Amino acid sequence: MTVPPDYDLLIAGGGLIGSGLALALARQPLRIGIIEAVPPATHEQPSFDSRAIALAFGSRQIFEGIGCWPAIAPKTTPIRHIHISDRGHFGVTRLEAAQASLPALGYVVEARALGQTIYQGLKNFSQVELLSPARVININSEPAQIQIQIVSQGRIRTLSTRLLIAADGGSSLVRQLLQIPVQRKDYGQTAIIANVATERPHEYTAFERFTNTGPLALLPLGEKRSNLVWTVKNTQVPYLAAVDDETFLAHLQQRFGQRLGHFTRIGKRHIYPLQLLRSQQQLAHRAVLIGNAAHNLHPVAGQGFNLGLRDIAALAQTLADAHKAGHDLGAPETLTAYAQWRQWDQHLIARSTDILVRLFSNDYAGLSLARGLGLTALDLLPPLKRRLMRQATGLAGRQPRLSRGLSLL
Ligand SMILES: Cc1cc2nc3c(=O)[nH]c(=O)nc-3n(C[C@H](O)[C@H](O)[C@H](O)COP(=O)(O)OP(=O)(O)OC[C@H]3O[C@@H](n4cnc5c(N)ncnc54)[C@H](O)[C@@H]3O)c2cc1C
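Rendered as structure tokens:
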């Protein structure tokens, strides 16, 4: 007689994506385990840091489907307008929530607040078990299950599951253990993140300003406060990280201009080296890669988490339907159906993010003219703008039930 595995589903990595998938599946009759190296309630949790995440409107719908939007909503600031400009060149485009007939184009939330709300939600489901602090150190594939070796407080244990989900981030060890190769592109850019206070209120506007050293975004976060994501060349980082707040804000003011009046204060600066990383396949025997383990994008268009959340919506539906039909969760047909469903959106978002970074991070005369014309054309052509907005809000393509705000049940 074969012994059933310990879990139906084991998730390696309980960051925003791993914990989000567990919550999406928590109402299903499945035994789910999350293996997370850094306990979620601690300040060191790397996925739940002080970066702000711009949630697309489509992500709000997914959280509604999962049932946790009422808990997240009070911690968000809506984006009602998006202002896109190119420093030193003509051409501006404005996107308005009203044009898309939506209450907001998106919502800004601190990653830490989002992560802690997801874990709060998980506490209601006893069939989801959190193993933390615990780190995956090895895996061993067998025909009917997969064995995961973890180390927890100095003790090594082996767990078994029908399906392993690798959500262990951009440097995924599981991806390496599965010998899945990656395609990597180093942009030579780093993001500097900080909260800034401004003289004028943001009026729920997100600003995306392209400069010759890289894009600069300001996301509305609370009253008269915005979250800065300033992409600079790697060579500028030692200086910009070391200067005092006043000098830093003077440089920022010069790059951003006066749209929000003076920058009056700045919080702690955080540094993130940027790259594009895509795993060349997302499936292995009884294993799937999701989130940053599968695709780690430049934050220029604020798409990384939104894309990962759409992966969650499609994977949760595929697994719930497979389980209901009595199919094996780790069967190749189940996993291939998921991967094919997500291929187009993942490819489109990774390509367009990469093009945006390359197109807007230089000062060639011909390109800056084309950029100016492009932004002006976008501003003057409502159908083109509506298409862009559908894509940016995550509402294009075949939508899983969760993406339509419906529960999986
Ligand atoms: C500056 C910046 C701004 C961004 N802004 C936006 C935005 O506005 N909108 C948006 O959609 N996206 C944004 N993103 C992207 C978003 O932050 C990521 O897509 C998201 O955090 C990915 O989450 P993840 O859970 O896949 O990976 P991670 O956040 O890397 O989490 C991985 C988890 O796995 C754990 N782990 C790692 N190895 C192991 C192991 N061996 N065993 C057990 N656990 C392990 C880690 O402790 C961690 O908790 C931004 C990114 C950056 C850098």
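Residue numbering for the sequence shown follows the UniProt record's numbering, starting at 1 and increasing by one per position.
Note that beta-carbon positions come from the ideal geometry of N, C-alpha and C, so glycine has one too.
Please read these numbers as outputs of a predicted model, since none were measured by experiment.
When secondary structure is reduced to three states using DSSP, I290 falls in the coil class, being assigned neither helix nor strand.
Linking C68 to L23 through their CA atoms gives a straight-line distance of about 9 Å.
Assigned with DSSP and collapsed to three states, G20 falls in helix. Ligand 1 has no heavy atom closer than 7 Å to the beta-carbon of Q281. In this structure, the alpha-carbon of P5 lies about 11 Å from that of I148. The bridge partners DSSP lists for R184 are L277. With respect to D49, H298 sits apart: the two C-beta atoms are not nearer than 8 Å. Judged by DSSP secondary structure, A56 falls within the beta strand (DSSP E) whose first and last residues are 52 to 56. Remark: C-beta atoms of L163 and L9 approach each other more closely than 8 Å. For H262, same chain residues with a beta-carbon under 6 Å away, outside a window of 5 residues either side, are E199 in chain order. A contact between stretches requires three or more CB pairs, one per stretch, nearer than 8 Å, and the segment 68 to 82 fails this requirement with the segment 322 to 329.
When the beta-carbon positions are compared, Q153 and I32 stay at least 8 Å from each other.
The secondary-structure analysis by DSSP pairs A191 across a beta bridge with T231, Y272.
In the DSSP assignment, S226 is bridged to V196, P220.
Between the alpha carbons of T161 and R286 lies a distance of about 9 Å.
Per DSSP, the unbroken beta strand (DSSP E) holding G106 starts and ends at 106 to 110. With a cutoff of 7 Å, P299 counts as near ligand 1, since its C-beta is closer than that to a heavy atom of the ligand. Fully enclosed alpha helix (DSSP H) runs of no fewer than 4 residues occupy 173 to 177 of the segment 133 to 182, in order along the chain. Counting the other CB atoms within 10 Å of its CB gives I156 a total below 16, which places it among the exposed residues. Put simply, the segment 201 to 214 touches the segment 74 to 84. At least three CB pairs are less than 8 Å apart. By the 16-neighbour rule on beta-carbons within 10 angstroms, H295 is buried.
In the displayed model, D244 falls within coil according to three-state DSSP, outside both helix and strand. Boundaries of the beta strand (DSSP E) harbouring L95: 92 to 96, taken from the DSSP string. Contact fails between the segment 92 to 103 and the segment 224 to 231, because fewer than three Cβ pairs, one in each stretch, are under 8 Å apart.
At least one heavy atom of ligand 1 sits closer than 7 Å to the Cβ of P46.
G397: not part of any beta strand (DSSP E); DSSP gives it neither H nor E. Taking a cut-off of 8 Å on C-beta distances, the segment 175 to 192 does not touch the segment 333 to 343, as fewer than three cross pairs fall below it.
Sixteen is the threshold: when 16 or more other Cβ atoms of the shown chains lie within 10 Å of the Cβ of D168, as they do, the residue is buried. In this structure, I312 lies away from I35, with their beta-carbon atoms at least 8 Å apart.
With fewer than 16 neighbouring CB atoms inside 10 Å of its own CB, A250 falls in the exposed class. S352 and E129 have their C-alpha atoms spaced approximately 37 Å apart.
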